[in-house]
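Colleague: Residues in the sequence shown are numbered consecutively from 1, following UniProt numbering.
Glycine included, every Cβ here is placed at the ideal spot set by N, Cα and C.
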Amino acid sequence: MQKFKEKHMLSLIIWVGLVIVALFALPNIPQLVRDKGSVQIPSSLQSQVANKIQKKYEGGKNVRTLIAVFNNKHGQISDQQSLQIQDATNAIKNDPELHIVSVTAPSDNAASKQQLQSKDNTTQMVMITLPSKYKVRGQTDKILSKIKTSGLRTYVTGTDILNDDFSTVTEEGLKKTEIIAAIFIFIVLIIVFRSFLIPVISLLTVGVSFLVSLSLVTNLAERMNFPISNFTQIFLVVVLFGIGTDYNILLYDRFKEEIKNGAAATAAAKAAQRHAGRTILYSGSSVLIGFAALGLAKFSFYRSGVAVAVGVAILLLVLLTLNMFFMSTLGSKLFWPSKDLSAHDRSFLWNFLSKFTLSHTFIMVGILVLAALPLLFVGNQKLNFNNADELPNSIQSKAGYNVIQDHYPAGMSGPTTVYIQNKKPLNTQEHLAEIDQLTGYLNSEPGVKSVASVTRPGGTKISQLYLRSQVKSLTDGLNQTSKGIKKVQKGLKSANEKLANSGTSESIAQVQQLADGASKLESGAQQLSQGVATYTSGVSSLASGSQQLSSSTSNLQSGVGRLASGSQRLNTGISQLRSQTARMKALRSRMSALSSGSRQLSSGLGRLNSQVSPFSSGLSRISSGASRLNANSASLVSGAKSVASGSSTVNTGVQTLNSKMKELQSQMQELQTGLTSANAGLDQVNNGTDTVNKYLKEMQKSYLGNTFYMPAESIKSASFTPSLDAFMSKDRKITKITVILNSDPSTTESANRIRTITRDVQAKMKNTSLSNAKVAVGGQSSQTADLQKTANGDFIRTVAIMLVGIGLALMVVTRSLVQAITIIGTLSITYLGSLQITRWLSGYLLFQNMLTWNTPFFSFIMLVALGVDYSIFLMMRYRGDAGAIPDVRRRILNSATIIGTVVISAAIILGGTFAALIPSNVLTLIQVAMTVIVGLIILVLTLPIIMSAMVKWTYPYVNDKMYQKSVAEKEKAHPTRRAKNQDNE
């Protein structure tokens, strides 16, 4: 049992058991890192607020966007290839395993073609929105298999797949680092101790601490959301293997010294644990406090450094317990096959630097100051926030990203989205006008390539929706109206003239005459009717009389004959009488006259007699006609009555016409007056139209011409619905505005532009109908801006916390405020100088002029937390030599000479461990490794100078308080020695 205890068998059993448990409890680290290791920005920052609004926009779904890239490196994409791209797009849409939320392709419409097809027509993009709850790697592989197109290079890129590839590259880099670091440490330890067992046992003990701490940290992360990052595992490797090997060197070196002095293995192990273990504990506690202080950081990415503190705590436990088993059990065999147990050689470099500084303090300090000034105040301080730069160009997502950068505006790889969330629907004329105005305002911002929104889906104005175009239509219409008015005026004038010249008065007079004639016609018709009646009566009498006359005609003829005969006789008698009275002058003239009359009578009777026959014939015809007239007299009477009735109707109509014509005359006069007034009114209208037209044209040319106006019918139209669906949520209460920047979305330039845009948008919306709406800017540039704000702001706070923690630990270890401040100052200046040198080296060797955004943070915590060890090594030796070397200057020189070898060996091991990060192909790891290596070199060269100068200036006297305290303790422990000294005196 005693041997079991002395050999520390219990430590072996415990740690073996813990390793077994750790192995079985180890979760799926790669998946855990992907799920919980990404950079988490505080939820109150606007990019995260935008993500919440986006989730509501997508109907409560968490989504991600992947970009399918099609590129023809030999020229433009052909029509056939465009059809193949459409087929690939349809295949993606119709794949149920992808759970597609939306797909936007160049073939959708003119607006999407303008956005997604490069200007040189060599490249097309398809934007694919998918649920983020599924693994991005599986989604990417599935899409890649569907977009393969003959003659085209195809890629799938996007923020999520770039981050996933970064995790994959980091994992592969970790494997390289572990192998390289193990080989390097093994070789260095063989060189230092000339032993094969020391490297194996050192790597074994550190490996146990790494495995147990890794299992503990990952289980805490899985079950209790303990902060981790992509770099947690890899920094656990380099820190634990780096300082773990340094601490083992101290421990094994002291153990070797005790063995050389003849101590038994168990006693030597205890002595090594007591003396070297104290230095290890002090140094490790400082490192532990430094990393544990990161737990007070607000930024989860910085808090992930606490995992290293957990690893350091476990490392200290393993080194100071498990090593006891190996040292107690193996003893001197631990250094097999070497049999040389002498201590390390003295460091001539540190001896020279310390000695020269003590004799030429101002010169050495002056040289350091002159060397530090250009490092501290010269150089570019900008940081690179583009995670894509972390990846090699051979990765397909990075290759696709590069294609987008080459053929599209730089911001196309990560568009910025402005989300506006309102309590009421936004698809109203007023809100759409505000959105359009904001869209135009954003488009005018410096550094903005294009802006697309619900009113400008293609990134350009739709002219028909603006007053300039609408007013132009009005002015064109007014011009046509003016021309029409002039034509109407001309027609009215012509009509008026025609009315004036139409002779209406004459027509009305004629109608009056017609009316008078109609009255007379009616009277005449009545008389005609009466006359016809009388006529028919006369006809009847005529018929009767003609018959009587016809019957009397023979008597007449007979009587005429008799008259003619009698006339002849009379004529004869008159002739006789004349001859008898020829002698009577008085009767002679009378008888002549009588004779002449008689002859005339006789002649007349002769003619009468000759006419009697025709008269008789005529009377026969008259009698026949009278009979016919008498037969038709009834029809004649009826016709006469109809004529009378018709004439009465005509008279009535004509009288009505006459009345209407008089009314027409009055109306015509009114019409003429109206036409004259209308013409005058049209003159006024035309003048008003010209005035309105002139006003509208001026308004068209003014800023008002850019005013958006969309009628309610157009908003509800089928042609506008696709735009509403593309840029508004289903309930129309959330809209988005897509902004494409000219600069890379992950750069500081883009982040600064987003800050400006955010301020401008908030100011722009203050006095609008959307003043109470929630506005947030999302996208890669917004995340970069928030990341900068969080990282830069919390970096200063975290640095302060870490320096205070380490400073307090140093005050406890060194028991000196001056020494603690000096060490902190040395480490800080070393960090700043090494960071600037790394910047230069990165530009010359890596062709990266900027450091990645997390390089300063990781470099600081690694360099300060680990570099403090070397200061503690030196000052602990300085304190340990206080009793033996009273002269503080000689003591610091001796301490520097002896501990220099240990520090240089430790720096080589730690630097070599970090150098193993360089083959990882991860830019951040490479730059951190370079910074730490440069910093270690600076510390190795400056630490003996600074600490020697500090001791000389702080303690101008030879014997310091530590020496006096050491002498007092010795006298108290050995009083007889003091008495002998007094007796000798």
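1) Which value, in whole angstroms, describes the spacing of the CA atoms of N248 and D881?
2) Would you call the region 273-291 in contact with the region 245-261, where contact means no fewer than 3 C-beta pairs closer than 8 Å?
3) Quick one: any contact between the region 779-787 and the region 405-416, if contact means 3 or more CB pairs under 8 Å?
4) Out of T942, G912 and I938, which has the shortest C-alpha to C-alpha gap to I243?
5) Could you tell me whether the region 214-222 touches the region 10-24, where touching means 3 or more Cβ pairs closer than 8 Å?
6) What's the C-alpha gap between E390 and I41?
7) In three-state DSSP terms, what is M765?
8) According to DSSP, simplified to helix, strand and coil, what is T65?
9) What do you get for V306, buried or exposed, if any count of 16 or more other CB atoms within 10 angstroms of its CB means buried?
10) Can you check which of these residues, S729, E698, D436 and G793, is closest to K56 by C-alpha distance?
11) Using the C-alpha atoms, what's the distance from A293 back to T747?
12) Short check: CB of I909 to CB of V188, under 7 Å?
13) Residues in the same chain with beta-carbon distance under 7 Å from N894, minus the five sequence neighbours each way, listed in chain order, please.
14) Helix, strand or coil for V103 per DSSP?
15) Can you tell me whether Y247 is helix, strand or coil according to DSSP?
16) Tell me which same chain residues have a C-beta within less than 6 Å of the C-beta of D79, skipping the five on either side of it?
17) What are the boundary residues of the alpha helix (DSSP H) that includes S905?
18) If we count Cβ pairs, one from each stretch, closer than 8 Å, do we get three or more for the region 821-829 versus the region 860-868?
19) Please give me, in chain order, every unbroken run of the beta strand (DSSP E) with length at least 3 that falls completely inside the region 421-471.
20) I believe T140 touches N72 by the beta-carbon criterion, under 8 Å. Please report the beta-carbon distance rounded to the nearest angstrom.
21) Does the Cβ-Cβ distance between P131 and K36 come in under 7 Å?
22) If we count Cβ pairs, one from each stretch, closer than 8 Å, do we get three or more for the region 898-907 versus the region 829-846?
23) Does the contact criterion of 3 or more C-beta pairs under 8 Å hold for the region 156-176 versus the region 395-403?
24) Please return the same chain residues whose Cβ sits closer than 8 Å to the Cβ of V799, not counting the five positions on each side in sequence.
25) For L211, tell me which candidate among F196, I234 and V192 has the shortest Cα-Cα distance.
26) Whole angstroms are fine: how far does the CA of V692 sit from the CA of residue 994?
27) How big is the Cα-Cα spacing for D960 and L941?
28) With a threshold of 16 other CB atoms inside 10 Å of the CB of E97, please say whether the residue is buried or exposed.
29) Is the beta carbon of M710 sitting closer than 7 Å to the one on L465?
30) Reducing DSSP to helix, strand and coil, say where T122 ends up.
31) Just reading off the alpha helix (DSSP H) that L12 is part of, what are its end residues?
32) For A267 and L319, I'd like the C-alpha separation in whole angstroms.
33) Give the straight-line distance between the Cα atoms of Y963 and T357, rounded to the nearest whole angstrom.
34) With distances taken from CA atoms, which of Q480, M930 and S920 is nearest M862?
35) Name the residue from N767, G138 and D887 whose alpha carbon lies nearest to the alpha carbon of H99.
36) Any chance you could list the alpha helix (DSSP H) runs of at least 4 consecutive residues sitting entirely within the region 718-790, in chain order?
Modeller: If we stick to the structure as given:
1) Between N248 and D881, the C-alpha separation is close to 22 Å.
2) Touching, yes, given that three or more Cβ pairs across the two stretches are closer than 8 Å.
3) Because the criterion of three Cβ pairs below 8 Å is met, the region 779-787 and the region 405-416 touch.
4) Nearest option by C-alpha distance: G912.
5) Yes, the region 214-222 is in contact with the region 10-24.
6) Annotation: E390 to I41 spans about 20 Å, alpha carbon to alpha carbon.
7) In the structure shown, M765 adopts coil according to DSSP, grouped into three states.
8) Reduced to three states, the DSSP call for T65 is strand.
9) Flag for V306 reads buried.
10) Among S729, E698, D436 and G793, the Cα nearest to that of K56 belongs to S729.
11) Looking at the two C-alpha atoms, the distance is approximately 30 Å.
12) Going by C-beta atoms, I909 is nearer than 7 Å to V188.
13) Within the same chain, and ignoring the five residues on either side of N894 in sequence, the residues whose Cβ sits closer than 7 Å to its Cβ are D881 and I885.
14) Residue state for V103 is assigned as strand, using DSSP reduced to three classes.
15) In this structure, Y247 counts as helix in the three-state DSSP scheme.
16) Cβ within range, chain order: n/a, list empty.
17) Note, S905: alpha helix (DSSP H), V888 to A915.
18) Contact between the region 821-829 and the region 860-868 is present, because at least three Cβ pairs lie under 8 Å.
19) The region 421-471 contains these whole beta strand (DSSP E) runs: 448-452.
20) With a Cβ gap of about 22 Å, T140 and N72 do not count as contacting.
21) Not closer than 7 Å, so no.
22) Result no; under three Cβ-Cβ pairs closer than 8 Å.
23) Flag = yes, the region 156-176 and the region 395-403 touch.
24) Around V799: F860.
25) When C-alpha distances from L211 are compared across F196, I234 and V192, the shortest belongs to I234.
26) What is shown of the chain runs 1 to 985, which leaves residue 994 out entirely.
27) Any reading at D960 must be qualified, since the residue scores a pLDDT of 49, below 50, and its modelled position is unreliable; the value itself is stated next. If I take the Cα positions, the gap works out to 26 Å.
28) Answer is exposed; the Cβ neighbour count stays below 16.
29) It is a contact, given that the beta carbons lie within the stated cut-off.
30) For T122, the secondary structure class from DSSP, reduced to helix, strand or coil, is coil.
31) For L12, the enclosing alpha helix (DSSP H) starts and ends at M9 to A25.
32) Looking at the two C-alpha atoms, the distance is approximately 17 Å.
33) Only weak support is given to the placement of Y963: the predicted model assigns it a pLDDT of 49, under 50, and the value that follows is read from those uncertain coordinates. In this structure, the straight-line span from the alpha carbon of Y963 to that of T357 is close to 22 Å.
34) Ranking the options by Cα distance to M862, first place goes to M930.
35) Comparing Cα-Cα distances from H99 to each of N767, G138 and D887, the minimum goes to G138.
36) Within the region 718-790, the complete alpha helix (DSSP H) runs of at least 4 residues are 721-727 and 748-764.
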